[in-house]
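Since the structure comes first, as structure tokens, the remarks are kept for the end.
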Ligand SMILES: [Fe+2]
């Protein structure tokens, strides 16, 4: 992330009256095409969305409508990064507020980088996007250097790469550790979950 990113300077997002208001899958994907020309970045966002939704359904036991909010937050979290690198997060948060999107989705997006945006993850949804964001990108980078990509990828090989500072050096190991502690999750649970749920995303 650009070093010049400013913290958001606030801790409350969206309007409670907008609760339940979301973009449909079609609307969100069209929004992504418009806002994010970079295909690789779009793939990253769709992967985080898929993993978020799968976690909401499988691990939190949430109904489809709630899980859709987790997907939406994942799929939109970096929507402003490419076009507004110095205002990353602020622009997308304000755009979603203008569109009257559910406040939990906006707060989740605002929580995806506490060290950068100065927003503390509060809900499980907030904590999981923080954790999935860093690890999803890392695991995808690990898959790309294997001839068989995701096939047969195991937890230990990912953990070994995490201990190799030169591999995907831009991924902050400190943030991963922080996100694990905040969410109460372990790499042994999270890594296979991500491998399983993001590999089929295109
Ligand atoms: Fe991201």
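Numbering (the working numbering), first residue to last: 19 to 220.
In this text, a Cβ means the ideal position worked out from N, Cα and C, and glycines have one as well.
Looking only at its chain, what residues have a beta carbon closer than 7 angstroms to the beta carbon of residue i, apart from the 5 residues adjacent to it on each side?
i: residue 46; result: 90, 93, 94
i: residue 144; result: 125, 126, 129
i: residue 36; result: 118, 119, 120, 121
Using a Cβ-based criterion (distance less than 6 angstroms to any ligand heavy atom), does residue i qualify as near ligand 1?
i: residue 151; result: yes
i: residue 120; result: no
i: residue 98; result: no
Does residue i come out as helix, strand or coil in the three-state DSSP assignment?
i: residue 39; result: coil
i: residue 62; result: helix
i: residue 184; result: coil
i: residue 71; result: helix
i: residue 107; result: coil
i: residue 128; result: helix
i: residue 174; result: helix
i: residue 99; result: coil
i: residue 135; result: helix
i: residue 29; result: coil
i: residue 22; result: coil
i: residue 179; result: helix
i: residue 165; result: coil
i: residue 113; result: helix
i: residue 57; result: helix
Among the residues of its own chain, which have a CB less than 8 angstroms from the CB of residue i, if the five just before and after it don't count?
i: residue 123; result: 32, 40, 87, 90, 91, 94, 114
i: residue 80; result: 74, 88
i: residue 140; result: 125, 129
i: residue 49; result: 41, 94, 97
i: residue 111; result: 26, 31, 124, 127, 128
i: residue 82; result: 75
CB-CB under 6 angstroms to residue i, same chain, minus the five flanking residues each way: which ones, in chain order?
i: residue 53; result: 97
i: residue 56; result: 100
Provide the residue span of the alpha helix (DSSP H) that contains residue i, from first to last.
i: residue 87; result: 82-94
i: residue 145; result: 142-162
i: residue 197; result: 191-201
i: residue 207; result: 205-216
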